[in-house]
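A.B. asks: Quick note on the working numbering: the sequence shown kicks off at 234 and runs consecutively. We treat Cβ as the ideally placed atom computed from N, Cα and C, and that holds for glycine. Quick one: this structure, given as structure tokens, is what I'll be asking you about.
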Amino acid sequence: SHIIDVIECKTFEDLLATTQPLEEYLANAGCLRPLRRLEDKNLLVDDILMFQVLHRVRGPFERFRDGLRTLGVLDKIKGHPESFRPLLCWSPTMLTADLVDSLFTINLKNNKALYLVIVHKLRVVMHDTATPSKLPIANTCINCLKLPLHTSYRAFQENMDFALGNTHDKEDNSSYISGGGHL
């Protein structure tokens with residue numbers, strides 16, 4: 234937010250008023266410089282960005298690298314980068330029913346207790362959703378997805394396909410597969 238505040242300054246007086254409370258931060262970041270005109274804000278923004286993106290993370294990054302080197306892991310990573318890519322680099326995956334299924338483990342040791350938990354949770358869900366919805370309801374604050382009850386798997390699958398296909402936050406349609414038992 235410091236960068237945005239500085240960028241949004243329209244006058245030299247605004248720039249001075251914005252940077253005055255930031256003097257301690259700018260000094261610690263090595264960005265404190267005399268400001269003589271409004272155009273100096275561009276150099277100041279460049280300095281703040283350099284600090285935030287490079288210098289601030291350099292120390293922790295070097296300690297992490299030294300730890301990997303001490304354990305001999307860094308040499309293995311450099312020698313076999315493709316083997317470590319899935320562990321160290323994120324890559325998008327297609328959302329499938331098998332992937333969603335692999336996230337959960339069903340433990341049926343105590344069927345009566347499981348039944349009671351399911352019934353209780355179902356009552357809570359039905360109470361929370363006064364009007365039943367055919368579509369799943371997401372609560373991103375607590376990473377919760379409430380799935381609706383349907384009379385058949387086909388109806389459930391059609392509504393899930395519709396919901397996933399019309400999600401506004403998905404990155405692109407190529408990571409979505411419809412039909413054939415996949416979500």
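Following the continuous beta strand (DSSP E) through L378, name the residue where it begins and the one where it ends.
C.D. replies: C377 to K379
A.B. asks: Tell me, which residues are paired with N372 by DSSP?
C.D. replies: C377
A.B. asks: For I333, which of L368, L380, F317 and L287 has the nearest alpha-carbon?
C.D. replies: Per the sequence shown, residue 333 should be read as Val rather than Ile. Taking only the C-alpha atoms, the option nearest V333 is L380.
A.B. asks: Taking just the CA atoms, how far does T326 sit from L248?
C.D. replies: 45 Å
A.B. asks: Does the Cβ of V239 have 16 or more other Cβ atoms within 10 Å, making it buried, or fewer, making it exposed?
C.D. replies: buried
A.B. asks: When you compare only the Cα positions, how much space is there between L287 and N372?
C.D. replies: 35 Å
A.B. asks: For L265, does the three-state DSSP call read helix, strand or coil?
C.D. replies: Collapsing the DSSP output to three states places L265 in coil.
A.B. asks: Please state whether the Cβ-Cβ distance between C242 and T251 is less than 8 Å.
C.D. replies: T251 sits close to C242, with the two beta carbons spaced by under 8 Å.
A.B. asks: Using only alpha-carbon positions, find the residue among Q285, V350 and F245 that is nearest to L216.
C.D. replies: Outside the modelled stretch of the chain, which goes from 234 to 416, sits residue 216, for which no answer is possible.
A.B. asks: So, helix, strand or coil for L336, using DSSP?
C.D. replies: Secondary structure of L336 (DSSP, three-state): coil.
A.B. asks: On the three-state DSSP scale, how would you describe L248?
C.D. replies: helix
A.B. asks: How is R387 classed by DSSP in three states: helix, strand or coil?
C.D. replies: In this structure, R387 counts as helix in the three-state DSSP scheme.
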